[in-house]
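In my numbering, the protein residues as written are 25 to 146.
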């Protein structure tokens, strides 16, 4: 579409009608094409930029994977320790003032029935 626009064989209105897009969209695409046209003659810039971005994302991904692995091991350890607690001790761990961890989720994590927690509060 942009190449047809650059050929100037048809008017902007004719091309927008032919392709079913607005003339403003075609103008925007032409502008974007013209701004990036130099990349067609020097693709090494684009390749270099993408290689740098890929390397950065791989490093970030590796760091996140290590953090997730560590957190998983810690969680598994904590779950094992919690299993050895009796029901009343688990109930005592539920905190009502945690903004980001509702009581229902705390009960689920501690493997206690939420209704047991509520009933024993009364």
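No residue lacks a Cβ here, since even glycine has one placed at the ideal position from N, Cα and C. This one's a predicted model, so the numbers in the text were calculated from it and none came from an experiment.
Cβ-based burial, residue i [other Cβ within 10 Å; buried from 16]
{"i": "residue 136", "result": "buried"}
{"i": "residue 146", "result": "In this prediction, residue 146 scores a pLDDT of 46, lower than 50, which makes its location untrustworthy; the coordinate-derived value is nonetheless stated afterwards. It is exposed - the Cβ of residue 146 has fewer than 16 other Cβ atoms within 10 Å."}
{"i": "residue 50", "result": "buried"}
{"i": "residue 134", "result": "buried"}
{"i": "residue 96", "result": "exposed"}
Nearest neighbour of residue i, chosen from the options [CA to CA]
{"i": "residue 117", "options": "109, 25, 123", "result": "109"}
{"i": "residue 43", "options": "125, 52, 34, 25", "result": "25"}
{"i": "residue 37", "options": "103, 27, 48", "result": "48"}
Beta-carbon gap between residue i and residue j smaller than 9 angstroms
{"i": "residue 115", "j": "residue 140", "result": "yes"}
{"i": "residue 119", "j": "residue 127", "result": "yes"}
Three-pair Cβ contact test at 8 angstroms for the segment 81-100 versus the segment 56-66: Verdict: no, contact absent.
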